[in-house]
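Engineer: One structure is given below, represented as structure tokens, and several questions about it will come after.
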Amino acid sequence: MGNKTIKSWFRGFKSDSNDSKTRNLQENSEKSKSKLKKLVLVGNPNVGKSLLFNKLTGSYVTVSNYPGTTVSIDSGKCNISGENYEIIDSPGMYSLSSITEEERISKLILLEDEPDILLHVVDAKNMERMLPLTLQLIEAKLPVVLVLNMMDEAENAGIKIDTSQLEKKLNIPVVSTAATTGQGIAQLNQKIAEYQIKDGLNVKYDEKIESAVQKISDLLQGEYPVSPRSLSLLLLQEDSDVQKLIKEKEGSNYSFIDNLLNETLSQFKQPLNYLIKMKLQKEATRLVSEVSEDIGEIKIGFREKLSRAMINPLTGIPILLAVLYFGLYRFVGGFAAGDMVDFIETEIFGEWALPLVEGFVTSSIPYEALQSLIIGDYGIFTLGITYAIAIILPIVGAFFLVFSILEDSGYLPRLALLLDRLFKKIGLSGRAIIPMVLGVGCGSMATMTTRTLETKRERNIATLLLALAIPCSAQLGVIFAVLATSSSALWLWVIVILFNYIIIGFAASKILPGSNPTFYMELPPLRVPKLSNVLRKTYTRLIWYFKELFPLFIAISVLIWGLELTGILDFIIGALNPVLSAIGLPVETAQTFILGFFRRDYGAAGLFEIQDALTGVQLLVAAVVLTLFVPCVAQFVVMIKERGKKVALAMGAFVLVYAFLVGFLLNLILSTLGVVL
Amino acid sequence: MKMISELAEEALEKIWVFQEDHPEDPLSPEIESFDPEVIKELDDLKFIQKEEGGFKLTSEGLEEAKNVIRRHRLAEKLLHDILGLSGEDMETAACNFEHIMEGGVEESICNLLSHPDKCPHGKPIPPCDCRTHGGHGHGHGRRQCDCTAGVKTIIDKTVLPLNKMAKGQTGEIVYIKSSKRDNLQKILAMGVLPGRKIEIIQTYPSHVFQMEHTQMAVDSDIAGSIYVGSTN
Ligand SMILES: Nc1nc2c(ncn2[C@@H]2O[C@H](COP(=O)(O)OP(=O)(O)OP(=O)(O)O)[C@@H](O)[C@H]2O)c(=O)[nH]1
Ligand SMILES: [Mg+2]
Ligand SMILES: [Zn+2]
Ligand SMILES: [Zn+2]
């Protein structure tokens, strides 16, 4: 990262940016003067920040039941008592000392952006664990409003909280809400409208720490959006982002601070983050005992039993297989890719739409070349619209539906812990299961979610595996449908892909320097998915997916049409032919691979169209190569943004060569053995 | 028990350490540099034997050195893990501490620390006698450890790392200790702190525990840094 400014980090981009810090600062202060009041939502992961954001703005950002759903900043507008606000949803963070990248994004909002009101959202039933962050935010002199969300669950658990009492003790506004039901949102709006900055409760640390804080604060000369006291405390905890920020702002003055810091640190036997956290926790515990009552007992009801069955390997693995079989194979593969696609393709498009369009085009457009732009082999309608609506939409829609239900139930974190040991073998932690599963839905979304992984090494391995061996749902659906007639072909496909996934993961974990990641994850309670959220999420994702897909695919249709018209396409197909025949595929598959080069789902749809022309072995080889084949353009763009150009290009090139190599070997083995599928 | 001076004990320690580092070298040149008085004492106790080219530890000497080292490293471990000392402070304190650890105390400390096998510097701690008679060593649960009656009472107040706890066991977190700064940071961030009561829900494939109204899953590496005083 070298000399990147903090600002560029916060924007979430890793490349470009040599823009000077001063300009950013100016921009910043101008913005805060001229623009709307800014409301920022922060807090631990999975406490309901995004759901609150949705309730406040009326728009939709993803809400799911696992920590790490939001990985970048979302902003929206809302109107509260006649005043307009800009409102920002941030990724969850456990403390001001960030560990993962998405946590750091949130911290940098606090260090850089000057919110007018900061809503610290906590899970009411776990208030005691989350209040230390509130105290830290108050310490930073940020304009905090404390939101005790999930009050419904807290009440069910037998927890009573005296909000007004807590408000008095902390000396900041406190509201309790249940974002799911909308309870308390009105009061929250009121607190926002009436907000006035106050000095909240100050925590006193032991004398040694206090005097160090005093000395460091006295040395700080720059202007900061957070209090010198808080910066000094973060410096004492050896927070590297704060260190960098202060180094930048203090210039030559920094060496004094650094000396003082080192001198102070050497006086302490225990790490200061430990001592400070302990003190904050003590305060929080005291507050909680004064304002709340916990009379409930932790009961082991049906939910808890189910949860325990999910995480116990003896029952958890059968549950996982059942989810894969019914959710993926039967519903996405059988129902969506089979029945639905059949119906839409033959009944709607074949019987009705295509003849209609053909009739219209041939009668109204006189030029044959233009006709073929729309209804030719690679025409916008024949290829683009048919593929997108008849094949991709039902499959991807079905997958997103299943995935949303899984996300909202809280199954994924449980799966993560179940698979952690296996993932460690390929250099990943169980956490990586979330980007992996998300990758089946959309590779670019998933690549961005690798931010929740801790180390660069882990993010690189996950990005590579996402690019190589995670099929997208359209591919998966088509492959299930195409290989459905031969279960041995399907099994071979599964085995080959899994094998490559493991081999490459294992090799990458051996080659890349660094140590294996550790695994820690909070398990949210299992929740019954809310139909409205599931549908909204599926819908939003589909819209998002098609927004990305449609323009690209029209462009592809036009491009290919142009290439065909000029004869370049034949040339490309001719050039591809030797490669294809080396892996035992007929020339008809060239089109599939050309399409697949732009989009995985397109390649899959192309395969679906030509399946009858291929033998079983050819289908298997084509399916394998297409699965491993290059990530789609959108995913590639995200790869560049997240991992940098060099890494992304290297990965892309590797994947391309590797896919054909595997195809070649697979074909060689199958044909030598004389296998017929 | 033979009486042995502190200086002689320290000399034995040095020889042990030298041998640890130079296993191929049976003679310890170290010995030459000792105070003649100490050499005499060790010789009288039949802990060392003069050989061609230098001195060598006798089997008794080896046994005694092993015990001294064990006490020294246990002391280091205790001071480091429980009192949070490190560096010079830990060393000086350990050097004083090791000489006053009588047999019983030593066993209790070993139990309290749940039979550590490495000192804070990562050097091996010679195993306790009880560890050699079966059911011991790596990962043994405290329940199997009923080596001596005197120790047994202490066992029930044992502090165990979370990854050694069994399903259903409950306890209170006593301290967090990790050689990796990162791990400490993560544990603190999640709010897993001394004073918190926990119950173990599952131990394989990951360690899952209930802490108040939260459930957490951690791998063995992190679990091994969370020390719990168990109550049942
Ligand atoms: N029962 C109940 N559930 C809630 C409430 N608020 C949010 N949830 C659920 O909690 C889960 C997490 O909500 P999100 O809004 O995604 O949480 P977040 O804080 O944005 O999470 P990250 O983006 O991961 O940091 C979802 O399953 C929500 O439906 C609430 O007040 N009551
Ligand atoms: Mg969110
Ligand atoms: Zn040592
Ligand atoms: Zn023992």
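Heads up: the sequence lines are chains A and B, in that order. Just so you know, we're using our numbering here: the first sequence kicks off at 23 and counts up by one. Just so you know, we're using our numbering here: the second sequence kicks off at 211 and counts up by one. Beta carbons are placed, not taken as given, at the ideal position from N, Cα and C, and that holds for glycine.
Can you give me the C-alpha to C-alpha distance between TYR82 (chain A) and ILE386 (chain B), rounded to a whole angstrom?
Structural biologist: When rounded, the distance between both Cα atoms is 41 Å.
Engineer: Would you identify the three-state DSSP class for LEU255 (chain B), choosing helix, strand or coil?
Structural biologist: The answer is coil: DSSP assigns LEU255 (chain B) none of H, G, I, E or B.
Engineer: Which chain A residues are close to ARG391 (chain B), counting only those with a beta carbon under 8 Å from its beta carbon?
Structural biologist: Here the neighbours are PRO293.
Engineer: Look up THR358 (chain B) in the DSSP assignment and say whether it is helix, strand or coil.
Structural biologist: Model confidence at THR358 (chain B) stands at a pLDDT of 41, short of 50, so the residue's coordinates are unreliable; what they give is reported in the following sentence. Three-state DSSP puts THR358 (chain B) in coil, outside helix and strand.
Engineer: Spell out whether any CB of chain A is found under 9 Å from the CB atom of GLN379 (chain B).
Structural biologist: So, not an interface residue.
Engineer: If you follow the beta strand (DSSP E) that LYS182 (chain A) is part of, which residue opens it and which one closes it?
Structural biologist: Counting along the chain, the beta strand (DSSP E) containing LYS182 (chain A) begins and ends at 181-183.
Engineer: Please decide whether ASP431 (chain B) counts as near chain A, where near means a Cβ-Cβ distance under 9 Å.
Structural biologist: Closer than 9 Å to some Cβ of chain A, the Cβ of ASP431 (chain B) qualifies, so yes.
Engineer: At the level of alpha carbons, what is the spacing between TYR217 (chain A) and PRO67 (chain A)?
Structural biologist: Taking the straight line from one Cα to the other gives about 25 Å.
Engineer: In three-state terms, what does DSSP make of CYS329 (chain B)?
Structural biologist: Note: CYS329 (chain B) maps to coil in three-state DSSP.
Engineer: Is the shortest distance between the beta-carbon of GLU382 (chain B) and the beta-carbons of chain A less than 9 Å?
Structural biologist: Not one chain A Cβ lies under 9 Å of GLU382 (chain B).
Engineer: Output the residues surrounding ligand 1, defined as those with a CB atom closer than 6 Å to any ligand heavy atom, in chain order.
Structural biologist: Listed along the chain, these residues meet the criterion: A:PRO67, A:ASN68, A:VAL69, A:GLY70, A:LYS71, A:SER72, A:LEU73, A:VAL85, A:SER86, A:ASN87, A:PRO89, A:GLY90, A:THR91, A:THR92, A:PRO113, A:GLY114, A:ASN171, A:MET172, A:ASP174, A:GLU175, A:ALA200, A:ALA201, A:THR202, A:ASP430 and A:ARG549.
Engineer: Tell me where the alpha helix (DSSP H) around LEU302 (chain A) begins and ends.
Structural biologist: Start and end: 294-313.
Engineer: Assuming contact is defined by CB atoms lying nearer than 9 Å, are ILE616 (chain A) and LEU598 (chain A) in contact in what I supplied?
Structural biologist: Contact flag set, yes.
Engineer: Output yes if chain A places a C-beta closer than 9 Å to the C-beta of LEU394 (chain B); else output no.
Structural biologist: Yes, its Cβ sits closer than 9 Å to a Cβ of chain A.
Engineer: What is the residue span of the alpha helix (DSSP H) that GLN209 (chain A) lies within?
Structural biologist: Note, GLN209 (chain A): alpha helix (DSSP H), 207-215.
Engineer: MET673 (chain A): buried (16+ other C-beta within 10 angstroms of its C-beta) or exposed?
Structural biologist: MET673 (chain A) should be labelled buried.
Engineer: For ligand 2, any of its heavy atoms closer than 8 Å to the Cβ of VAL83 (chain A)?
Structural biologist: For ligand 2, at least one heavy atom lies less than 8 Å from the Cβ of VAL83 (chain A).
Engineer: Can you tell me the Cα-Cα spacing of PRO113 (chain A) and THR471 (chain A), whole angstroms?
Structural biologist: Their Cα atoms are separated by approximately 11 Å.
Engineer: Distance, Cα to Cα, LEU585 (chain A) vs ALA612 (chain A)?
Structural biologist: For LEU585 (chain A) and ALA612 (chain A), the distance between alpha carbons rounds to 14 Å.
Engineer: Is the CB-CB distance between SER239 (chain A) and SER254 (chain A) below 9 Å?
Structural biologist: In contact: SER239 (chain A) and SER254 (chain A) (Cβ atoms closer than 9 Å).
Engineer: Beta-carbon separation of LYS129 (chain A) and SER249 (chain A) under 9 Å?
Structural biologist: Cβ atoms of LYS129 (chain A) and SER249 (chain A): not closer than 9 Å.
Engineer: Please list, in chain order, all residues of the same chain as ASP184 (chain A) whose beta carbon is under 8 Å from its beta carbon, the five residues on each side excluded.
Structural biologist: VAL313 and SER314, listed in sequence order.
Engineer: Mind pulling the chain A residues with CB within less than 7 Å of VAL428 (chain B)?
Structural biologist: PHE541 and TYR542, listed in chain order.
Engineer: Anyone know if the C-beta pair for VAL639 (chain A) and LEU699 (chain A) falls short of 9 Å?
Structural biologist: Yes, these two residues count as a Cβ contact at 9 Å.
Engineer: Any heavy atom of ligand 2 closer than 8 Å to the CB of ASP145 (chain A)?
Structural biologist: Answer for ASP145 (chain A): no, Cβ out of range of ligand 2.
Engineer: Note down the Cα distance separating SER120 (chain A) from LEU415 (chain A), rounded to an integer number of angstroms.
Structural biologist: For SER120 (chain A) and LEU415 (chain A), the distance between alpha carbons rounds to 39 Å.
Engineer: Taking a cut of 9 Å between CB atoms, which residues from the region 118-141 of chain A lie near chain B?
Structural biologist: For the region 118-141 of chain A, which is checked against every Cβ of chain B, the residues closer than 9 Å are SER119, SER120, ILE121 and GLU125.
Engineer: Ignore the nearest five residues each way along the sequence and tell me which others in PRO137 (chain A)'s own chain have a CB closer than 8 Å to its CB.
Structural biologist: Contacts found: LYS60, LEU61, VAL62, ILE110, ILE131, LEU164 and PRO165.
Engineer: Taking 9 Å as the CB-CB cut-off, is GLU301 (chain B) touching chain A?
Structural biologist: Not one chain A Cβ lies under 9 Å of GLU301 (chain B).
Engineer: Buried or exposed: which applies to ALA179 (chain A), given that a residue is buried once 16 or more other Cβ atoms fall within 10 Å of its Cβ?
Structural biologist: Answer is buried; the Cβ neighbour count reaches 16.
Engineer: Counting contacts by CB-CB distance shorter than 9 Å, is LYS478 (chain A) in contact with chain B?
Structural biologist: Answer no: the Cβ-Cβ gap between LYS478 (chain A) and chain B never drops below 9 Å.
Engineer: Within 10 angstroms of its Cβ, does HIS348 (chain B) collect 16 or more other Cβ (buried), or is it exposed?
Structural biologist: Note on HIS348 (chain B): pLDDT 38, under 50, position unreliable in the model; the coordinate value appears next. Answer is exposed; the Cβ neighbour count stays below 16.
Engineer: Please name the residue in A:TRP513, A:GLU150 and A:ASN482 whose C-alpha comes closest to that of LEU168 (chain A).
Structural biologist: LEU168 (chain A) has its Cα closest to that of A:GLU150, out of A:TRP513, A:GLU150 and A:ASN482.
Engineer: Report the rounded CA-to-CA distance for PRO340 (chain A) versus ASP430 (chain A), giving the unit in angstroms.
Structural biologist: Whole-angstrom Cα-Cα distance: 21 Å.
Engineer: Under 8 Å, with one C-beta from each stretch per pair, do the region 449-458 of chain A and the region 370-377 of chain B reach the 3-pair mark?
Structural biologist: Because the criterion of three Cβ pairs below 8 Å is not met, the region 449-458 of chain A and the region 370-377 of chain B do not touch.
Engineer: Counting only Cβ pairs nearer than 7 Å, list the residues of chain B close to ILE333 (chain A).
Structural biologist: Going along chain B in sequence order, the residues near ILE333 (chain A) (Cβ under 7 Å) are GLN412 and VAL418.
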